[in-house]
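If you read the sequence shown in numbering that gives the first Met the number 0, its first letter stands for residue 0, the second for the next number, and so on.
Inspection log for the structure reproduced underneath, given as structure tokens.
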Amino acid sequence: MRAALYYGRQDLRLTSVPEPEPGRGEVKLRVHYNGICGSDLLEYYDGPVTTRSTPHPLTGVQNPVIMGHELCGEVVALGAGVEDLAIGELVAVEPVETCGHCLYCGLGQYNHCPQLAIQGYNRAGGLAEYTVVKRRMAHALLPGVSALQGALIEPLAIAWHTVNRCAVSAGQVVAIHGAGPIGAGAFLTLRRRGVEAIVIDPSPARRAALTRLGARTVLDPAACDVVAAIRDLTAGRGAHASIDAAGGAQAFAAMLHGTRVDGTAVVVAIHHEPVVIPPFDLLMPEVRLTGVALSVDAFPPVIAEMARGSYPLEGWVETIPFDAVIERGIERLRRQQGMKIVVDVAGQSGRPAVAASEGHRGESA
Ligand SMILES: [Zn+2]
Ligand SMILES: [Zn+2]
0 MRAALYYGRQ
10 DLRLTSVPEP
20 EPGRGEVKLR
30 VHYNGICGSD
40 LLEYYDGPVT
50 TRSTPHPLTG
60 VQNPVIMGHE
70 LCGEVVALGA
80 GVEDLAIGEL
90 VAVEPVETCG
100 HCLYCGLGQY
110 NHCPQLAIQG
120 YNRAGGLAEY
130 TVVKRRMAHA
140 LLPGVSALQG
150 ALIEPLAIAW
160 HTVNRCAVSA
170 GQVVAIHGAG
180 PIGAGAFLTL
190 RRRGVEAIVI
200 DPSPARRAAL
210 TRLGARTVLD
220 PAACDVVAAI
230 RDLTAGRGAH
240 ASIDAAGGAQ
250 AFAAMLHGTR
260 VDGTAVVVAI
270 HHEPVVIPPF
280 DLLMPEVRLT
290 GVALSVDAFP
300 PVIAEMARGS
310 YPLEGWVETI
320 PFDAVIERGI
330 ERLRRQQGMK
340 IVVDVAGQSG
350 RPAVAASEGH
360 RGESA
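Below is the structure:
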């Protein structure tokens, strides 16, 4: 089968590898779509970061490894002991394998499992015609949710967890610094929860995309004093919570200073440089500064929200052919072109978006 194998920095090869078969408790998927993520760019240009040159303790996987962790596939084979999924069913993959018996797995905080293996880095990923996942990694889509929508569940789950970390409620205000896919997903999630958003991004294309999605307050940090603007919009107090989905020093500072006293500042972006915080900037406002470790228990609610139409994809999600993953995917994202780029692994862009849903509806338990 065709697969995109990561060998090391700027060395991703489209090649042919043996098809995987499911073991006990596993599910084999024919991959429909796989999105490209900022963390893939980090791995490609600055890695190895998450991939390994020695076997991963949980999976035994080391480079070269098939990349891709934002995927939707169709169940084509079930390993022994798996009886609650049907052939033909579409699933979104939660791309984490965990040990299942450590302190954090026991507490339900499986995203903090010290042995955590990420699919696409520490086990074979979704940039391949077929992939095999553990049963608990596969989340069945609801009727009417397309395979392309299914490939967006993973980044939207990160956005969902990011919004949970904000600890805000309806009527409050959140400043989102960075209007990439995670920023857009956070905006849509906040809107669904009745929370006001102030969106900040230097890219005219991204600001326009968020405006089309319905964002009412969208700021250009090159054209205004962002912190002053946020304070103006919040009776002088600052946002109840702020999200750093940008990853630069300027956005981080604006996030911290635009958050109100005792508010929450959430970093979801991967910073390529260490963050410097002047001590009093954190001491005096008593802002709660926190991070986001993937997501936890977010796939089922995000799939439900997708089914009810909370996450329109128009204007910010595009598909490219498998062959073009480097040139039209990774390299364009590096140049800040495009927003969410999803690889059409099965080559079905011309076909109906919910082609597989008949089997999905007919055969699911
Ligand atoms: Zn991702
Ligand atoms: Zn564990």
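Quick reminder that beta carbons are idealized off the backbone N, C-alpha and C, glycines included.
A quick note: this is a predicted structure, and the numbers were derived from the prediction, not measured.
- When distances are taken from the beta-carbon of Pro94 to the heavy atoms of ligand 2, even the shortest one reaches 8 angstroms or more.
- Unbroken alpha helix (DSSP H) runs of no fewer than 4 residues, entirely contained in the region 64–116, are found at 102–106, following chain order.
- Pairing Ala91 with Ala127, the inter-Cα distance amounts to about 15 angstroms.
- Counted as a single uninterrupted DSSP element, the beta strand (DSSP E) harbouring Glu317 occupies residues 316–320.
- When secondary structure is reduced to three states using DSSP, Val226 falls in the helix class.
- Less than 9 angstroms divides the Cβ of Val301 from the Cβ of Ile152.
- Within the region 265–309, the complete beta strand (DSSP E) segments of 3 residues or longer fall at 287–290, listed in chain order.
- At a cut-off of 4 residues, the continuous stretches assigned as alpha helix (DSSP H) that sit fully inside the region 133–164 are 146–150.
- If you compare the alpha carbons of Val260, Ala248, Ala150, Glu73 with that of Thr318, the shortest gap goes to Ala150.
- Classified as exposed, Arg8 has fewer than 16 neighbouring CB atoms from the shown chains inside 10 Å of its CB.
- Within the chosen limit of 8 angstroms, ligand 2 reaches the beta carbon of Gln114 through at least one heavy atom.
- Shortest gap from the CB of His68 to any heavy atom of ligand 1: under 8 angstroms.
- Judged by DSSP secondary structure, Ile340 falls within the beta strand (DSSP E) whose first and last residues are 339–343.
- Listed in chain order, the beta strand (DSSP E) elements of length 3 or more contained wholly in the region 198–267 are 216–218, 238–243, 258–266.
- When DSSP reads this structure, His176 sits in a beta bridge with Ile199, Asp243.
- The closest heavy atom of ligand 1 lies less than 8 angstroms from the beta carbon of Ile157.
- Cys36 has its CB nearer than 8 angstroms to a heavy atom of ligand 1.
- At a Cβ-Cβ threshold of 9 angstroms, Pro278 and Val260 do not count as neighbours.
- Within a 10 Å sphere around the beta-carbon of Gln148 sit 16 or more other beta-carbons, which makes this residue buried.
- Scanning its chain for C-beta atoms nearer than 8 angstroms, with the 5 sequence neighbours on each side dropped, one finds around Ala166 the residues Ala240, Thr263, in chain order.
- In this chain, Ser38 is not harboured by any beta strand (DSSP E); it is covered by the alpha helix (DSSP H) spanning 37–45.
- Residue state for Gly184 is assigned as helix, using DSSP reduced to three classes.
- In this structure, the C-beta of Glu330 stays at least 8 angstroms away from each heavy atom of ligand 1.
- Using a C-beta cut-off of 8 angstroms, the region 94–111 makes no contact with the region 38–49, since fewer than three inter-stretch Cβ pairs fall below that distance.
- Cβ neighbours of Asp219 within its own chain (closer than 7 angstroms, five residues either side excluded): Pro201, Arg206.
- A straight-line Cα-Cα distance of about 5 angstroms links Asp343 and Pro320.
- Looking at the backbone, the Cα of Val60 and that of Tyr120 are separated by about 8 angstroms.
- With at least 16 other beta carbons inside 10 angstroms of its own, Val144 counts as buried.
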